[in-house]
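Enquirer: Below is the structure I would like to discuss, written out as structure tokens.
Protein chains: 2
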Amino acid sequence: MPSDVLPETLVVGGGIGGLSAALCLALRGGTVTLVERSKSFAEVGAGIQLAPNATRILRRLGVLEKIQPVVVRPRRLVLADAIEGRELTSLDLTDFPDRYGAPYLVLHRNDLLSALLEGCRSNGVALHTDAHVTALEDTGSGVTAGCADGREFRAGIAIGADGLHSRIRKLFADDEPVNSGFVAYRGAVPMEQVERHADLRDVIAWLGPGLHLVQYPLRSGRMYNQVAVFRSQAYLRGDPDYGNPAELKEAFAGCSEHVRESLGTLSIDNRWPMLDRPPIPGWACGRLALLGDAAHPMLQYLAQGACQALEDADALAEELAAAGQANRTPAEGLAAYAARRAPRAMRVQRTARTWGEIWHVDGVAKLIRDELLQMRDVADHKHVAWLYDEAPPERSTS
Amino acid sequence: MPSDVLPETLVVGGGIGGLSAALCLALRGGTVTLVERSKSFAEVGAGIQLAPNATRILRRLGVLEKIQPVVVRPRRLVLADAIEGRELTSLDLTDFPDRYGAPYLVLHRNDLLSALLEGCRSNGVALHTDAHVTALEDTGSGVTAGCADGREFRAGIAIGADGLHSRIRKLFADDEPVNSGFVAYRGAVPMEQVERHADLRDVIAWLGPGLHLVQYPLRSGRMYNQVAVFRSQAYLRGDPDYGNPAELKEAFAGCSEHVRESLGTLSIDNRWPMLDRPPIPGWACGRLALLGDAAHPMLQYLAQGACQALEDADALAEELAAAGQANRTPAEGLAAYAARRAPRAMRVQRTARTWGEIWHVDGVAKLIRDELLQMRDVADHKHVAWLYDEAPPERSTS
């Protein structure tokens with residue numbers, strides 16, 4: 331039964347953010363069309379971390395239950411020294427349900443996508459693949475999206491969830507992706523191919539000067555996820571072939587045996603330059619709004635990309651419903667969504683950049699960083715509570 | 331009564347190190363001649379900090395009692411943020427006599443020099459000023475020192491205590507002073523000229539990116555000592571007029587009002603480039619040995635320059651006496667002195683460099699540093715105990 335308070339919505343982009351937004355709206359009775367440029371809803375990539383700020387939303391969406399068989403509930407987040415191979419500090423994750431009201435999970439990106447997709451399908455979202463939106467117009471009374479193949483979609487509002495290289499963001503800002511000069515190789519491999527691994531109950535990040543390696547198990551421990559990231563000297567020199575596998579190996583040459591050996595099972599099929607964009611607060615304009623990476627692409631150091639997209643999706647549906655119930659316009663609903671979400675997402679973007687710097691320091695800064703991490707009380711949550719806590723009660727939206 | 335175990339000693343240099351060495355040897359009955367290049371035993375400079383590793387030696391020398399009327403016993407060592415003007419951490423100094431068996435003191439350099447000089451005089455050290463040693467020879471059976479004015483001094487051994495620009499060190503190493511690129515302005519002013527000051531019971535170091543200001547009271551609080559240090563951009567550019575007062579003012583322009591105003595009472599008569607040298611372990615060769623800054627010139631960040639010279643003086647006298655009592659040669663005594671002292675002094679040199687880097691960090695490193703300092707338990711002495719503790723019991727010198 332269509333909602334009488336939610337505008338008919340076109341979601342552009344079928345990644346985690348777009349599918350989550352479509353599902354959130356559909357579950358509130360909204361009529362949603364989602365268009366995805368690719369031929370299918372699979373993502374290249376591997377593991378994903380979901381913190382309580384994301385899993386409590388997934389629980390409300392009924393998705394948490396669906397992914398339960400394929401998630402891993404890690405015991406700890408561990409920061410370790412990639413050079414000396416010793417642990418620096420850790421965060422106990424086992425008490426997260428008590429502390430934050432939701433668990434910390436890791437899983438394969440495609441398992442999350444499948445569950446979101448299944449939710450969209452069973453809640454009546456109209457899904458279109460191979461639909462590349464090349465024109466999007468706010469007509470004043472609605473939106474019109476034109477595809478490269480001539481198809482046209484109409485709705486009351488449109489959500490640009492078209493990722494880092496968002497075409498729709500161009501309507502909001504004239505910025506470009508910022509290359510951090512770091513390159514990632516990532517992938518998940520069957521556990522039987524892995525000779526050595528860290529404690530399978532942990533998510534572990536090995537930190538070194540200008541590099542790091544993140545490792546954790548997926549799919550009930552049947553797969554091992556690895557992400558190796560390093561500052562490319564070739565990029566700094568302007569070499570277009572920057573960050574190739576030879577440079578990867580060279581970058582990690584000074585690391586501990588465990589870290590070096592881990593590279594042997596790392597997929598080198600894709601080189602991922604690590605990009606973000608400067609934070610912008612203006613995600614909504616008239617009947618259009620941005621969501622997920624299109625709104626706030628961030629570096630991966632807080633593992634919050636998908637989590638923030640889920641927060642967007644949840645807030646979007648809530649603000650649109652609140653606007654409808656209060657007889658405010660959809661545009662006012664989108665503005666309320668952006669006003670509510672932008673400050674926090676911008677903070678996460680900025681903190682992710684800073685956290686990346688902290689992970690990669692060298693020299694005396696590394697000396698201080700390691701001392702700080704080792705001195706840190708492992709029971710102290712002051713650096714993460716702001717991320718994982720339930721959002722403060724909704725402002726009154728007068 | 332001359333000692334029958336100590337060799338007759340020529341000390342070259344009448345600074346804190348040279349006078350301390352002469353006094354230590356004289357108190358053990360040694361026959362000591364000290365030659366100083368200048369016309370008097372006054373030092374340009376201002377305040378000096380004496381940690382327990384120095385004051386416990388001064389107590390044994392009878393000097394602590396003499397300087398008592400002119401010292402200040404500060405309550406705390408404080409590290410503060412020069413930009414934001416807030417305290418970062420502190421170390422309580424009031425329990426030092428209980429904890430380390432000796433107090434932490436600050437005083438005017440000349441007050442310490444006077445007391446050491448008085449000790450030398452009353453214990454029969456032959457003191458010669460205006461004696462510029464230009465040639466020093468180990469003859470195998472003794473040493474001969476020739477002065478610029480033709481005077482010649484002979485002794486059983488010679489100690490090169492001729493400071494950072496030591497001429498005698500050239501016999502041991504071909505290094506040169508290393509310019510850190512930092513420049514200091516320092517001086518003590520009568521308290522009535524000081525409009526604003528930090529708590530007079532504290533030694534306070536204001537830390538900023540590429541700069542710091544140290545302040546503490548002298549002479550029972552009648553004078554105020556200030557040292558302003560900054561990284562000279564002009565030095566980095568190769569400008570010979572680097573670190574001039576205009577650059578000083580510019581470097582501190584972004585500091586808190588208190589720090590900026592303090593520069594108004596700072597003496598700008600002397601620009602002091604901050605120099606040290608690489609650590610070397612070989613301080614003794616035959617009948618010659620180095621001591622104090624000639625052996626281990628260090629950056630000032632641990633305030634250990636004079637303290638380490640006092641440790642040298644004490645160890646030198648002890649090792650020479652031990653060698654004499656065991657019928658070992660003076661050269662063996664000097665070798666034992668160097669072997670005992672060099673590892674520690676080299677560690678202090680290296681740590682002073684690192685500490686300087688930590689004081690002057692910027693960006694994310696400053697963020698981490700400030701967090702670490704603020705998180706630090708003020709009762710934790712792990713970073714200083716190795717400096718201030720009584721040296722471990724003397725090794726058996728077989």
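Protein sequences appear in the order of chains A and B.
Read in order, the letters of the first sequence correspond to residues 331 to 728 in our numbering.
Read in order, the letters of the second sequence correspond to residues 331 to 728 in our numbering.
Glycine included, each C-beta is placed from N, C-alpha and C at the ideal position.
Quick caveat: nothing in here was measured; it's all calculated off a predicted structure.
Are any of the Cβ atoms in chain A nearer than 7 angstroms to that of B:T299?
Expert: Because chain B spans 331 through 728 in this model, residue 299 of chain B falls outside it and cannot be assessed.
Enquirer: Below 7 angstroms CB to CB, which residues in the same chain sit around B:P611 once its five sequence neighbours on both sides are set aside?
Expert: Here the question's residue 611 of chain B lines up with position 281 in the second sequence. Counting only Cβ-Cβ distances below 7 angstroms, and skipping sequence neighbours, we find A672, M676.
Enquirer: Checking contacts by CB at 7 angstroms: is A:I413 closer than that to chain B?
Expert: Mapped onto the first sequence, residue 413 of chain A falls at position 83. Chain B, which has no Cβ nearer than 7 angstroms to the Cβ of A:I413, makes this no.
Enquirer: Note down, in chain order, each residue of its chain lying with its Cβ closer than 8 angstroms to the Cβ of A:E448, except the 5 sequence neighbours on either side.
Expert: Walking along the first sequence from the start, residue 448 of chain A turns up at place 118. The answer, listed in chain order, is K396.
Enquirer: What residue ranges within the stretch 336-375 of chain A form continuous beta strand (DSSP E) runs of no fewer than 3 residues, ordered along the chain?
Expert: Listed in chain order, the complete beta strand (DSSP E) runs (minimum 3 residues) inside the stretch 336-375 of chain A are 339-342, 362-365.
Enquirer: So, are the CB atoms of B:L355 and B:L457 less than 7 angstroms apart?
Expert: Translated into positions along the second sequence, residue 355 of chain B becomes position 25. Translated into positions along the second sequence, residue 457 of chain B becomes position 127. Result no, Cβ atoms of B:L355 and B:L457 do not sit closer than 7 angstroms.
Enquirer: Any C-beta of chain B within less than 8 angstroms: which residues of the stretch 660-689 of chain A qualify?
Expert: Of all residues in the stretch 660-689 of chain A, T684, E687, I688 have a Cβ within less than 8 angstroms of some Cβ in chain B.
Enquirer: List the residues that DSSP assigns as beta-bridge partners of B:G511.
Expert: By one-based count along the second sequence, residue 511 of chain B stands at place 181. According to DSSP, which records beta bridges pairwise, B:G511 is partnered with nothing at all.
Enquirer: Pull up the CB-CB distance for B:R617 and B:G486, whole angstroms please, since I reckon it's below 8 angstroms.
Expert: Start at 1 with the first residue of the second sequence, and residue 617 of chain B comes out as number 287. Start at 1 with the first residue of the second sequence, and residue 486 of chain B comes out as number 156. B:R617 to B:G486, Cβ: 7 angstroms. Contact.
Enquirer: Need the endpoints of the alpha helix (DSSP H) that A:N383 sits in, please.
Expert: As a working mapping, residue 383 of chain A is identified with position 53 in the first sequence. First-last of the alpha helix (DSSP H) with A:N383: 382-390.
Enquirer: Within 10 angstroms of its Cβ, does B:L566 collect 16 or more other Cβ (buried), or is it exposed?
Expert: Residue numbering aside, residue 566 of chain B sits at position 236 when the second sequence is read from its first letter. With fewer than 16 Cβ atoms within 10 Å of its Cβ, B:L566 is classed as exposed.
Enquirer: Hey, B:G635 and B:M628: beta-carbon distance below 7 angstroms or not?
Expert: Your numbering for residue 635 of chain B matches position 305 in the second sequence. Your numbering for residue 628 of chain B matches position 298 in the second sequence. Yes, they are a contact pair.
Enquirer: Which one or two residues does DSSP pair with A:L537 in a beta bridge?
Expert: As a position in the first sequence, residue 537 of chain A is number 207, starting the count at 1. A:L537 is bridged to A:D411, A:H542.
Enquirer: Could you confirm whether any beta carbon from chain B is found closer than 7 angstroms to the beta carbon of A:I378?
Expert: Taking the first residue of the first sequence as 1, we reach residue 378 of chain A at position 48. Not one chain B Cβ lies under 7 angstroms of A:I378.
Enquirer: As an exercise, report each continuous beta strand (DSSP E) stretch of at least 3 residues that is fully enclosed by the stretch 584-661 of chain B, in chain order.
Expert: Correct list: 602-606, 618-620.
Enquirer: Consider the Cβ of B:R699: report whether some Cβ of chain A lies at a distance smaller than 7 angstroms.
Expert: The count along the second sequence starts at 1 and reaches residue 699 of chain B at position 369. Chain A contact via Cβ: present.
Enquirer: Tell me the DSSP bridge mates of B:F560?
Expert: What you label residue 560 of chain B is simply residue 230 of the second sequence in a count that begins at 1. The partner list for B:F560 (beta bridge, DSSP) reads B:V513, B:L541.
Enquirer: Which first and last residues belong to the beta strand (DSSP E) in which B:A488 is found?
Expert: In the second sequence, the residue the question calls residue 488 of chain B occupies position 158. It spans 487-490 - the beta strand (DSSP E) in which B:A488 sits, taken as one unbroken run.
Enquirer: Between A:V533 and A:P404, what straight-line distance do the alpha-carbon atoms span, to the nearest angstrom?
Expert: On the first sequence, residue 533 of chain A is found 203 positions in, with the first residue counted as 1. On the first sequence, residue 404 of chain A is found 74 positions in, with the first residue counted as 1. Computed Cα separation, rounded: 6 angstroms.
Enquirer: Given a cut-off of 7 angstroms on the beta-carbon distance, is the pair A:P547 and A:V691 in contact?
Expert: Taking the first sequence and counting its residues from 1, one reaches residue 547 of chain A at position 217. Taking the first sequence and counting its residues from 1, one reaches residue 691 of chain A at position 361. Cβ distance not < 7 angstroms, so A:P547 and A:V691 don't count as in contact.
Enquirer: How big is the Cα-Cα spacing for A:V589 and A:K579?
Expert: In the first sequence, residue 589 of chain A corresponds to position 259, counting from 1. In the first sequence, residue 579 of chain A corresponds to position 249, counting from 1. Near 11 angstroms, if we compare the C-alpha coordinates of A:K579 and A:V589.
Enquirer: Can you name, in chain order, every residue of its own chain whose Cβ lies under 6 angstroms from the Cβ of A:R674, other than the five neighbours on each side?
Expert: The residue given as residue 674 of chain A occupies position 344 in the first sequence. Excluding sequence neighbours, A:R674 sits near nothing in its chain.
Enquirer: CB-CB under 7 angstroms to B:N440, same chain, minus the five flanking residues each way: which ones, in chain order?
Expert: Taking the first residue of the second sequence as 1, we reach residue 440 of chain B at position 110. Cβ neighbours of B:N440 beyond the five flanking positions: A372, E373.
Enquirer: Give the DSSP-derived three-state secondary structure of A:L437 in the structure shown.
Expert: As a first step, residue 437 of chain A must be located in the first sequence, where it is residue number 107. A:L437 falls in the strand class under three-state DSSP.
Enquirer: Would A:A619 and A:S496 be called neighbours here (beta carbons separated by less than 7 angstroms)?
Expert: Along the first sequence, read from residue 1 onward, the residue named residue 619 of chain A stands at position 289. Along the first sequence, read from residue 1 onward, the residue named residue 496 of chain A stands at position 166. Not in contact: A:A619 and A:S496 (Cβ atoms no closer than 7 angstroms).
Enquirer: State the Cα-Cα distance for the pair A:Q638 and B:V694, rounded to the nearest angstrom.
Expert: Taking the first sequence and counting its residues from 1, one reaches residue 638 of chain A at position 308. Taking the second sequence and counting its residues from 1, one reaches residue 694 of chain B at position 364. Those two C-alpha atoms are separated by around 24 angstroms.
Enquirer: Less than 7 angstroms between the beta carbons of A:A491 and A:V341, yes or no?
Expert: By 1-based counting over the first sequence, the position of residue 491 of chain A is 161. By 1-based counting over the first sequence, the position of residue 341 of chain A is 11. For A:A491 and A:V341, yes; Cβs fall inside 7 angstroms.
Enquirer: Short of 8 angstroms Cβ to Cβ, which residues in the stretch 701-718 of chain B face chain A?
Expert: Correct list: E701, L702, M705, R706.
Enquirer: For B:V473, which beta-bridge partners are listed by DSSP?
Expert: In the second sequence, counting from the first residue as 1, residue 473 of chain B sits at position 143. In DSSP, B:V473 forms a bridge with B:D468, B:A485.
Enquirer: Decide if the stretch 507-525 of chain A is in contact with the stretch 598-611 of chain A; the criterion is three or more beta carbon pairs, one per stretch, under 8 angstroms apart.
Expert: Yes, since at least three Cβ pairs between the stretch 507-525 of chain A and the stretch 598-611 of chain A fall closer than 8 angstroms, the two stretches touch.
Enquirer: Specify the secondary structure class of A:E506 as computed by DSSP and reduced to three states.
Expert: Taking the first residue of the first sequence as position 1, residue 506 of chain A is located at position 176. Reduced to three states, the DSSP call for A:E506 is coil.
Enquirer: Could you give the distance in angstroms between the alpha-carbon of B:K712 and the alpha-carbon of B:D529?
Expert: As a first step, residue 712 of chain B must be located in the second sequence, where it is residue number 382. As a first step, residue 529 of chain B must be located in the second sequence, where it is residue number 199. The straight-line gap from Cα to Cα measures roughly 25 angstroms.
Enquirer: Is the number of C-beta pairs between the stretch 652-667 of chain B and the stretch 519-527 of chain B that are closer than 8 angstroms three or more?
Expert: Touching, no, given that fewer than three Cβ pairs across the two stretches are closer than 8 angstroms.
Enquirer: Determine which residues of the stretch 548-562 of chain B have a Cβ less than 7 angstroms from any Cβ of chain A, and write them out in chain order.
Expert: The residues in question: there are none.
Enquirer: What does DSSP give as the partner residue(s) for B:I688 in the beta ladder?
Expert: Here the question's residue 688 of chain B lines up with position 358 in the second sequence. Looking at the DSSP assignment, B:I688 forms no beta bridge with any residue, so it has no partner.
Enquirer: Put A:G377 into one of helix, strand or coil per three-state DSSP.
Expert: Within the first sequence, the letter at position 47 stands for residue 377 of chain A. Residue state, collapsed to three classes: strand.
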